[in-house]
Structures are given as C-alpha cells and as structure tokens.
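When you line the sequence shown up against the UniProt record's numbering, it's residues 1 to 818, in that order.
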Amino acid sequence: MKKDKQSTFIRDILMPGEWDVCVTSYEMCIKEKSVFKKFNWRYMVIDEAHRIKNEKSKLSEILREFKTTNRLLLTGTPLQNNLHELWALLNFLLPDVFNSSDDFDAWFNTNQCLGDNQLVERLHAVLKPFLLRRLKSEVERKLKPKKELKVYVGLSKMQREWYTKVLMKDIDIVNGAGKVEKMRLQNILMQLRKCTNHPYLFDGAEPGPPYTTDEHLVYNCGKMVLLDKLLPKLKEQDSRVLIFSQMTRMLDILEDYCHWRQYHYCRLDGQTPHEDRQRQINEFNEDGSLKFIFMLSTRAGGLGINLATADVVIIYDSDWNPQMDLQAMDRAHRIGQKKQVRVFRFITENTVEEKIVERAEVKLRLDKLVIQQGRLADSKSQSLNKDEMLNMIRHGANHVFASKDSEITDEDIDSILQKGEAKTAQLAQKMESMGESSLRNFTVDTPTESVYQFEGEDYREKQKNIGLSTWIEPPKRERKANYAVDAYFREALRVSEPKAPKAPRPPKQPIVQDFQFFPPRLFELLDQEIYYYRKSLGYKVPKNLELGPDASKQQKEEQRKIDESEPLTEEEQQEKETLLTHVKRDFNQFIKANEKYGRDDIENIAKDVEGKTPEEVMEYSAVFWERCHELQDIDRIMAQIERGEAKIQRRASIKRALDAKMARYRAPFHQLRISYGTNKGKNYMEEEDRFLVCMLHKLGFDRENVYEELRAAVRASPQFRFDWFLKSRTAMELQRRCNTLITLIERENAELEERERNEKKKKASKSSAMSGTLTQVSSKSSQKRKNDSVASGVEKKKKKKNGFDKEGRTYKGLPKEL
C-alpha cells in the first residue's frame, strides 16, 4: 500500500472504527504503532507467535504496549530452543503471573525437572490452563501422514578428489594430533558438506573456460545424478516438487540444471524481495500452474508459506536443527493437501552427512520422549561439542581415501529408492529401540586409529608434498555463474611452486612485535644470535641478482657478518631474556585497563595487568605514551582508549547531575519532582520515576549490575506491590527509562545554571548602576558642603568686623546705651 493511500485508509476507514476485525502484518504494527495504540482492543490474536519468543525484540515490545482485554497466541513451535522462550510467550499473555524469568527458570530447573516427577507434574499443572495443543491429525482426519524416505548416494570422482583435499589439508586434526579449535572444526565440516552437495561450490572445480551448462552439472555430483533420475519419474506421476537446500549457491546450480532440463520452476531465498516472493507463491499455487519445481532455502522458505499444491519434498541437504527440516516439510504437509506427501532426504554415504542425519534423528527422538511429555530437553544436548565434530569428520575418511573412482551406480531409480526404504526402516528401528538414557549418552562414534596408513600407503608423506597456505575465513555468499564459493581454496589446496631456499634461522627465535617497544640493543643481540647460528651450520650467503650491481658487495658484507659472529655470552643471554618480558597478553590487558580506567589511573591499571608490578606497568605506560605512534594500528587502539575515557567522563557527568538534583531536596524520596516538559510519556507515573531516580542515586550509578539491583529494589518495595507494570519491567527496560530521566535532569540542571548566571549578571549590572548614582550624589553633597563652608566664613568675617564673638555676642565693649 502506497503512503498516500495508507494515510487515507487510516483516516477514513480505520480511525472511525466502523469495523469488527482488523487484520494486519507485523511490519505494519511496528510502522503504525501510534495508530494501533489509540484503540482498546477486545482480542489480540497473533499467528506465528514464535516471532515474539524474544521479549526484547522490537515487535514484542510494541505489541505489549497495545491495550487488550484478551490475548491468543497461535504457533506450531511454542518451545523451539529453550525454556526462556516459553516464558516469553507466557509473560506476553499474563505479565502479572509470569513476571520473572529467573523465578520461572529456577522453579522449573531443567536438571531437576528431568529426574523429578513432582516437578513434571508441576509444569503440567502450570501450563494446562494456558496451553491448548492440537495436531493436524486431530483437526483434519483426511490428511494422510507424510512418508519420509532417506535416499543414499555415493560420491562422484570429482567429489572424492575435493573431499580428500579437504581432509588432507587438515590431516593433523583428522588424526587427533593437531590443536583442536572449535572454529576450525566448524570450517572443516562446512567444507566437507559443500563437497557432498556439489564440487562446483569450490572455485576452480568447474571445467572451463568456456563455462557450459550441460550434463557435467549432473555426472560430477552424486546427488545431482539421483535428482536427474528422480524428477522424470515424479513428473510422470503428475507430482509437484519442493527442493530445500541450506546453501543459496546450491540453488544457483539447481537453477542452471532446471534451465538445461527445461523444467519450469520458482525460487525463494533470503534475498528474494517480498513482492517477488508473494508473486511466485501465487503462481505456483494457482490452478493449472506449469511450475513443476519450487526451490527454497531452508531458513527463508521453511516458515509461514503454504505450498500445499506440491506433494513431494526433497531435502537436498539436512539442517543441523531437525525442527527446521520439519518446518520445511510442513510447507506441503498441511491442511488442504489432497495427496500423500512424500519426503526424499538425500544423504551421501560414508561422509559427514550420515552422522549429521543420525544426530538429528537422535535429537528428534529425544524431543518426542521429553518435550512432548511436558518436560524440557537438556540444553547440553543441543550443542555440538568438539569431540562430536571431530568424530563426524573422521567418519568415512578411510573409505574416501581407499579409492579415486566414482561410487555412483547405474541402478535405476526404483532399486535406489527400495534400498533407501530398507535403510530408513533400519535407522527408525534403531532409534525406537533406544531409551531416553541411551539417547542422552549417544555419541557419534568413529574408530580413532590413525588414518595416515591405508592399503600400505603412508598419507603422512603425501601430506608433506602438498603446499598449503593458512586457513582463512570463507567469504560471504555471492551469486556467480561459475559458482565461485571459496576463493581461498584455490590457493589453500593447490600445490605451490618451488621457491628459493630461505636463510636458516634459530629454531626458537622470539617473535618481536611493535607493541613491545624494544630498544635497539635487543635487535643487536638477536642479529648476533642469528649470524652465529648460520655460522655453525656453515651457511654461505647466495648472490641476490635482484640487487643488480650491488649484489656481490651485499653478499660479501652479509658473509663477513656471519664469519665474524660470536655466540652470546651468559651476560648477553640474560640481558636478552630480561628485554623479552612483555607478551601480547600483557599488552591487551594494558589497553583494556586504559579503556576501563583512563590513561591517568595507573594504580588501577596496574591491578588489571596480571603478573606485572606497579613499577613495571608505570615504566611501560611512560614508554607507551611516548612511542605509541610507532604502533601499526595506533588509530584503532587510541579510538578504543578514547571511547573508554569518554564513558568515564560521561559517568562522572551523570553522577554530578544526580548529586545536584538530590541536594535540592531534604527528603528526595517524597519531595523530588521531575521536570518533564512535553516529554512525560504515558507509561510511567511520576511516583515511579521518583523512586527510580532516588534508588539509582542510592545504589550508585556507576556500579556493575546496578540495574539488576534496581529491578530487585522495585520488586521488594511495598509501595509497588500492586504495580504490575513496574514490577514486570526488565533490567534493560529500567535502564532505558533511567537514561531518559537522567537526560531530563541534566536539561533541568542546565536551565537552572543558566538562570543563576543570568541573575548574577543582573545583580552585577544593578550594583554597578547604584554605585554610579551614589558617586554622583556624593559629589553634589561635597560641593554643597564646600559652598556652605565658604558662605559661613564670609559671615564670620562680617560678625568679627561688627564686634560679635562666636555666639553672636559683642566683645569690643558694651553698646553706647550702656
């Protein structure tokens, strides 16, 4: 809906309220929240309610602000991952009852819940009034159960070569000799999964240039051979197909395959615009549609889409989370489906895929035993540990190394499906026979013997002959015609060209880094050590022809240094060891401490740098600030420290503001007033805000976890025992409110300071004006006194001349009459 039409619709239709039901989307709720908040809703019904399983998400927070009498949540997955998500949904429905996630987690502690029937019954009793569960089979009895078939296929010759290359690159990990890092194992697993999907997912694997779209797309990949046999049979049966893959570049290959085989198709992944998404869904579902295939990415296309006109689902590669694959299958297996839904899950034999699927089956079986009985799955069983990943990688390694030939058979599709059906039944029987304890202790076991030796051939020697560069992070996916997935494999798995021999170095030469700020003396000692080591080996410096005419001179000079070198003395060795004391860990701690406390707080910085005395830290700090410009990434380091110092200054500023505010009241918990201006808001009352400000000041604004303590203080305060709104606020929400209040207080303080400055200026100007008036009056008075003095003198002279004394009496004799 365009913006002008939307505004007209809101003004003319929505706001008058002459309607019974309003149907809208999540996006529109967020965009037009101010409009929806104006209504008092009798009912709020939320479909796909797992969208609000995170109570801190924007959508969840906005929906909580709507005024509603009744709320109903509809979801197929009320408990996807953990207990907290279930609490978030219950808190949305009844915030006054389920007001604390911590209390909820403690009450239904997972470890106790699995072993304590009383707690299981408690969970049932709590959830029963709020949870109504209905299965599709209970609602629509005509809907036939879906039938899943695991179809196994071998590796092509090219796939086997690339699978071997990946294993050979990390043979130390496969054999258990190298350092096992989780990220590295995840990288290996991802590369092996790409091998099983299609070798063209690696740059350089596709033959060319010129790049062509023909049968090599099929015969170089076992799954594509199987798909090429299966699709014609499905088309004959008048079926329509959904193909799910986790890798969008695999969808690129499938698109080229559909063009080549002239299959009509639709495609949907995370990059598909909303308009195209809906248009393609409508085209696929319309009567008489020619679209035979709908290819989707598992995560983007597995939720909220109705594709019941398709009756076949192909899981090209399985998701780690089996719930995602179940959601994908339910795009077709839903109310409105008229046929029996068949699911074909492609699995490459003797590869990591077998173990991934097996682990997913265990997880589903465990969910069925635990979650659906009202209990909660153990969170430890959710994550894949390093040993399990390593066993997955090892699985089938011997088999892959055994041959270079293709394992793809010429069997017809019926015999392949028949074998898959037998294997599926075998795996299902194995899972049914396992009890809960067996499932919990299930491990992906693989023999741990060395995989270097096989058929009399030592792969340890073969691995030495392969020049490999270091493992780097795979690039982001990007659609390209030649399927260039991993640029780094072009270098990492290619035999390197022979290079000129390097000059020998001592085996334990220290790595000198710029942050250590070593003095020139250390480099002299290290050079001396290197030259003497080369002398002990009888090393002769080769001529470097790249230097041109100076090659001979340079060669002789280097050779002279080697011939004249002497071993380090004990004193020199001790001096070298003393200089090499500062390591990378110390440097990182020093930088983080500067960010935390500021560059001038040496005392606290020294406490955070473990293993160093305050004197050593003080000495290093002085050198660091004097020579930090020598560091290669000084801009990043300085930005990090300055960010921390800005936070320190900000905290000090907030503390001053709170102190100034509190100092204006004798009893702030009762008298404090907030100057809201026009930004008061409608959710919080002044009494609540007053308590938050006063308690924040009392607890200490800059304390760690202060908002968790503030939340506890709110809940413990008797004045808010019936205030469910405030008691149900999270620590993050209280922090946001306090930040708003602090901003208001700072603005109020600034206005008061400005007012005081203006009053002082007025007083100063008034006093200066008064002093000017007084000066003028004083000068007039003195002039008058001066004039009076002169007049008095003249009178006295007259009186003296007439014979009068000071009192006006005569003194020159008596009057004549006397």
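C-beta: ideal position from N, C-alpha, C; glycine also.
Contact under 7 Å by Cβ, residue i with residue j
| i | j | result |
| --- | --- | --- |
| cysteine 738 | leucine 692 | yes |
| glutamate 709 | leucine 699 | yes |
| residue 819 | phenylalanine 294 | Absent from the structure is residue 819, since the part of the chain shown begins at 1 and ends at 818. |
| alanine 551 | lysine 561 | no |
| proline 95 | serine 728 | yes |
| glutamine 555 | valine 541 | yes |
| aspartate 276 | threonine 248 | no |
| isoleucine 413 | leucine 231 | no |
| tryptophan 307 | alanine 332 | First, the amino acid is wrong: residue 307 is leucine here, not tryptophan. Going by C-beta atoms, leucine 307 is nearer than 7 Å to alanine 332. |
| leucine 234 | valine 312 | yes |
| leucine 74 | aspartate 47 | yes |
| aspartate 675 | glutamate 753 | Correcting the residue type first, residue 675 is serine in the shown sequence and not aspartate. Going by C-beta atoms, serine 675 is not nearer than 7 Å to glutamate 753. |
| isoleucine 243 | isoleucine 305 | no |
| residue 888 | isoleucine 30 | The shown model of the chain, from 1 to 818, leaves out residue 888, and the question about it has no answer. |
| threonine 213 | aspartate 256 | yes |
Sequence-distant residues of the same chain with beta carbon closer than 6 Å to residue i, five excluded per side
| i | result |
| --- | --- |
| lysine 53 | Glu85 and Ala88 |
| arginine 690 | Leu672 |
| residue 819 | This structure leaves residue 819 out entirely; the chain is present only between 1 and 818. |
| lysine 363 | Pro322 |
| valine 357 | Ser318 and Ile347 |
Beta-carbon contacts of residue i that lie in its chain and below 8 Å, excluding the five residues immediately before and after
| i | result |
| --- | --- |
| valine 617 | Phe590, Ile602, Ile605, Ala606 and Val609 |
| tryptophan 41 | Phe66, Lys67, Thr68 and Thr69 |
| arginine 651 | Phe701 and Asp702 |
| aspartate 12 | none |
| leucine 14 | Cys22 and Val35 |
| arginine 643 | Glu595 |
DSSP three-state assignment for residue i, whether helix, strand or coil
| i | result |
| --- | --- |
| leucine 90 | helix |
| arginine 359 | helix |
| methionine 224 | helix |
| phenylalanine 284 | helix |
| leucine 217 | helix |
| leucine 143 | coil |
| isoleucine 305 | coil |
| tyrosine 665 | coil |
| valine 45 | strand |
| threonine 740 | helix |
| valine 21 | coil |
| threonine 730 | coil |
| valine 609 | coil |
| leucine 72 | strand |
| valine 153 | strand |
| threonine 424 | helix |
| threonine 351 | coil |
| arginine 690 | helix |
| glycine 644 | helix |
Pick from the options that is closest to residue i, judged by C-alpha positions
| i | options | result |
| --- | --- | --- |
| alanine 622 | Arg643, Arg599 and Gly644 | Arg599 |
| leucine 526 | Gln554, Val541, Thr569 and Arg560 | Thr569 |
| isoleucine 745 | Arg729, Gln719, Cys694 and Glu708 | Cys694 |
| glutamine 559 | Pro549, Gln573, Tyr533 and Glu571 | Tyr533 |
| glycine 288 | Asp238, Gln327 and Ala639 | Asp238 |
| lysine 655 | Trp19, Leu696 and Phe725 | Leu696 |
| leucine 155 | Glu353, Glu754 and Ser245 | Glu353 |
| arginine 226 | Lys56, His198, Ala425 and Phe292 | Reading off the sequence shown, one finds leucine at residue 226, where the question assumed arginine. Closest option to leucine 226, Cα to Cα, is His198. |
| lysine 3 | Gly17, Val21, Pro16 and Glu32 | Glu32 |
| tyrosine 316 | Gln278, Glu751 and Arg193 | Arg193 |
| arginine 261 | Gly301, Leu242, Leu217 and Leu303 | Leu217 |
| tryptophan 320 | Glu630, Glu55, Ser245 and Ile305 | Ser245 |
| glycine 17 | Phe39, Ser7 and Leu143 | Phe39 |
| glycine 76 | Lys423, Leu132, Arg240 and Pro209 | Leu132 |
| lysine 223 | Tyr707, Pro718, Gln426 and Ile416 | Ile416 |
| arginine 184 | Thr196, Tyr200, Cys195 and Leu167 | Leu167 |
| lysine 144 | Arg359, Lys338 and Ala663 | Lys338 |
One or two residues paired with residue i in a DSSP bridge
| i | result |
| --- | --- |
| serine 245 | Ser297 |
| glutamate 148 | Val343 |
| asparagine 40 | Lys67 |
| tyrosine 265 | Ile293 |
| valine 312 | Val241 and Arg342 |
Same chain only: Cβ atoms within 7 Å of residue i, ignoring 5 sequence neighbours per side
| i | result |
| --- | --- |
| arginine 51 | Tyr26 and Leu59 |
| lysine 146 | Met329, His333, Val341 and Val343 |
is_contact[residue i, chain C] using C-beta, thresh 7 Å
| i | result |
| --- | --- |
| aspartate 96 | Looking for chain C here will not work: only one protein chain is present. |
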